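Position 94, counted from 1, in the sequence shown is what full-length UniProt numbering calls 94; the numbers after and before it change by one each time, with no gaps.
Backbone N, C-alpha and C fix where the C-beta goes; we use that ideal spot for every residue, glycine too.
Quick caveat: nothing in here was measured; it's all calculated off a predicted structure.
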Amino acid sequence: FTEFWCSDNTDPVERLYIQWGFSQFFPAKSMCAHVTSWNRNASLKFRVDVAMMCKLGFDIGLKEMTDSELTFCKEAIANYKRLTPVILNGDLYRLVSPYDSNHTSVMQISKDKNKATLFAFDMYPRYGEKLFSVKLQGLDPNKMYRIKEINLMPGAKSSFRGDNKVYSGNFLLKAGLKIFTASKTNSRVFELTAE
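See below:
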């Protein structure tokens, strides 16, 4: 499949808008998204998580990374390789638009609905902003799904209350999950597996 560079702008916050727009017309497997040094106010984790929604690449010097960041990148790349069939060939669902909120979320689901990735980004939440539940889409309502947060920094534990818990597809479709936080440029990546 032909791949292309969506924009020379690799600021991860801007990329959320760029990739959202391009995804209206092009599949993830056509969009190259690289981790760069732009916007160092955003963590390396945030930058990697944004790029992971498309064709992941790196344009950043290894010397710029701490040992912890390098370890994180190795794990994130392993997760990406394992989930590539879902990310690049799955069905994309746009859950929360960055144009309508201080947050954005998308998910990709395998054709058999047994595996999914869920990306959640907090761009610039306002102080005291009420966080809302996000209803997932495309899942099989009759299946049970285990949700696991991945792409965590070394030594970090998930702060997501539903981490490693099992929910019915019906619940996830109708009630949803509180996947956003009140933290600026924060990101979460979840893997959903049917059991």
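Check the C-beta distance from residue i over to residue j and give it rounded, since I have them as a contact under 8 Å.
i: residue 19; j: residue 53; result: 6 Å
i: residue 46; j: residue 30; result: Contact flag wrong, Cβ pair sits at about 23 Å.
i: residue 136; j: residue 83; result: Residue 136 to residue 83, Cβ: 16 Å. No contact.
i: residue 98; j: residue 16; result: 5 Å
Taking only three categories from DSSP, how would you classify residue i?
i: residue 10; result: coil
i: residue 104; result: strand
i: residue 40; result: coil
i: residue 169; result: helix
i: residue 3; result: coil
i: residue 72; result: helix
i: residue 121; result: strand
i: residue 66; result: coil
i: residue 89; result: helix
i: residue 25; result: coil
i: residue 77; result: helix
i: residue 126; result: coil
i: residue 131; result: coil
Short check: CB of residue i to CB of residue j, under 9 Å?
i: residue 36; j: residue 10; result: yes
i: residue 57; j: residue 33; result: yes
i: residue 132; j: residue 188; result: no
i: residue 92; j: residue 146; result: no
i: residue 110; j: residue 134; result: no
i: residue 79; j: residue 164; result: no
i: residue 28; j: residue 114; result: no
Can you give me the C-alpha to C-alpha distance between residue i and residue j, rounded to a whole angstrom?
i: residue 50; j: residue 142; result: 30 Å
i: residue 161; j: residue 149; result: 10 Å
i: residue 176; j: residue 139; result: 12 Å
i: residue 77; j: residue 190; result: 15 Å
i: residue 121; j: residue 153; result: 16 Å
i: residue 55; j: residue 185; result: 21 Å
i: residue 68; j: residue 112; result: 36 Å
i: residue 75; j: residue 81; result: 10 Å
i: residue 22; j: residue 14; result: 12 Å
i: residue 7; j: residue 88; result: 19 Å
i: residue 48; j: residue 102; result: 19 Å
i: residue 38; j: residue 59; result: 10 Å
i: residue 95; j: residue 107; result: 7 Å
Nearest to residue i by alpha carbon, out of the options?
i: residue 90; options: 72, 116, 77; result: 116
i: residue 41; options: 147, 12, 98, 127; result: 12
i: residue 64; options: 79, 74, 75, 44; result: 44
i: residue 178; options: 195, 168, 170, 130; result: 130
i: residue 182; options: 167, 128, 157, 2; result: 128
i: residue 144; options: 39, 169, 88, 48; result: 169
i: residue 158; options: 48, 180, 167; result: 180
i: residue 71; options: 194, 85, 39, 156; result: 156
i: residue 26; options: 38, 48, 2; result: 2
i: residue 100; options: 123, 73, 171; result: 123
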